[in-house]
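Structure record follows, encoded as structure tokens.
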Amino acid sequence: MHSRSLQVALVFAIGCAVGGASAQLAVPSAQAQSALKATVWQYYCVDLPQDPAGQTVAASALGEKSWELVTLNVLALRSQRACFKRPKPY
17 MHSRSLQVAL VFAIGCAVGG ASAQLAVPSA QAQSALKATV WQYYCVDLPQ DPAGQTVAAS
77 ALGEKSWELV TLNVLALRSQ RACFKRPKPY
């Protein structure tokens, strides 16, 4: 029984030593508040041309300027308004 108590004490001591050493190797926790910033968006809405080729050209030109399509609304027969967004520069 004395041998069993000695084994438990030895395992406990080794566990404490390993736990203390591994805490020194741990990656520090991230600072979420400083790392995350809310994105502020710019919005731009435009009436698209009626022909599909013209719509593609208009959307591609905006895409090259970092605008992303958010909504597409049908206003009247063959009339569409597209709204785009992109991150606002700081």
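If you read the sequence shown in this note's numbering, its first letter stands for residue 17, the second for the next number, and so on.
Where is the CB? At the ideal position from N, CA and C, for every residue including glycine.
- By the beta-carbon neighbour count (other beta carbons within 10 angstroms, threshold 16), Ala92 is exposed.
- Taking 4 residues as the minimum length, the alpha helix (DSSP H) runs contained wholly in the segment 44-94 are 48-51 and 68-80, in order along the chain.
- Within the DSSP bridge table, the entry for Lys101 names Tyr59 and Glu84 as partners.
- In this structure, the CA atom of Ala98 is about 12 Å from the CA atom of Gly79.
- Apart from sequence neighbours up to five positions away, the residues of its chain that approach Thr87 with a beta-carbon distance below 6 Å are Cys99, ordered along the chain.
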